[in-house]
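Take a look at the structure below.
Residue numbers (UniProt numbering): 1 to 189.
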């Protein structure tokens with residue numbers, strides 16, 4: 001992801017001229033070179049240094065979490081976010097107007113949607129995947145789904161009831177209890 005993002009940005013800067021879109025599918029899909037000081041999809045422009053610090057924190061956090069990561073699905077989601085955040089962070093550090101204030105290269109335009117790059121949908125897609133995994137009970141430090149508290153409490157109650165029933169079935173029965181048990185059994189038949 002990171003490699004593709006960096007290479008496509010280098011190509012966009014070399015081959016495209018700002019303000020001169022190149023048509024791919026009519027006017028709906030174009031290559032359009034834009035220098036973005038904001039976040040993904042041109043949001044939060046004017047907060048470049050804040051976005052740089054946030055992206056740095058995200059990258060550090062993902063790398064730190066990666067040491068405890070077990071779930072392959074969480075690895076995919078976090079990998080998408082890590083690749084996208086790192087790609088845009090490279091622009092923030094190394095592109096004009098300077099470190100922590102660099103503008104991200106965006107070049108892909110689809111209809112009314114803001115101009116974006118490869119990293120932007122990777123970050124958004126990774127975030128959507130992580131939200132879905134959380135909603136459906138998948139933890140980053142387990143391979144499968146976690147057992148929800150309600151399910152765990154219900155399972156514990158079922159296990160306790162089964163143990164109690166088994167204990168009742170194995171208790172010795174006195175002779176007077178045997179005759180009443182036989183009588184009850186005959187009544188139910």
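Yeah, the Cβ is synthetic: ideal placement off N, Cα and C, and Gly gets one too. Predicted model, so just to flag it, every value in this text is computed and none were measured.
So, are the CB atoms of residue 103 and residue 35 less than 7 Å apart?
-> As a working mapping, residue 103 is identified with position 103 in the chain shown. As a working mapping, residue 35 is identified with position 35 in the chain shown. Yes.
Exposed or buried, residue 136, counting other C-beta atoms within 10 Å across all chains shown (16 or more means buried)?
-> For the purposes of this step, residue 136 is taken as residue 136 along the chain shown, with counting starting at 1. Counting every other CB atom within 10 Å of its CB across the protein chains shown gives residue 136 a total below 16, marking it as exposed.
Simplified DSSP state of residue 45, which is helix, strand or coil | As a working note, residue 45 is residue 45 in the chain shown. The three-state reading of DSSP puts residue 45 in coil, since its state is none of H, G, I, E or B.
Report back the beta-carbon spacing between residue 31 and residue 107 to the nearest angstrom; my notes put them in contact at under 8 Å.
-> Counting from 1 along the chain shown, the entry for residue 31 is found at position 31. Counting from 1 along the chain shown, the entry for residue 107 is found at position 107. At roughly 6 Å, the Cβ-Cβ gap stays under 8 Å, so residue 31 and residue 107 are in contact.
To the nearest angstrom, how far is it from the Cα of residue 97 to the Cα of residue 51?
-> Here residue 97 refers to the residue found at position 97 when the chain shown is read from its first residue. Here residue 51 refers to the residue found at position 51 when the chain shown is read from its first residue. Cα to Cα, residue 97 sits roughly 15 Å from residue 51.
Bridge partner(s) assigned by DSSP for residue 109 | Your numbering for residue 109 matches position 109 in the chain shown. Looking at the DSSP output, residue 109 bridges to 30.
C-alpha gap between residue 7 and residue 60, whole angstroms | In the chain shown, the residue the question calls residue 7 occupies position 7. In the chain shown, the residue the question calls residue 60 occupies position 60. Spanning the two alpha carbons is a distance of roughly 23 Å.
Would you list the residues sitting across from residue 197 in a DSSP beta bridge?
-> Residue 197 is absent from the structure shown; the chain starts at 1 and stops at 189.
Nearest-angstrom Cβ-Cβ length linking residue 65 and residue 78, presumed shorter than 8 Å = As a first step, residue 65 must be located in the chain shown, where it is residue number 65. As a first step, residue 78 must be located in the chain shown, where it is residue number 78. At roughly 7 Å, the Cβ-Cβ gap stays under 8 Å, so residue 65 and residue 78 are in contact.
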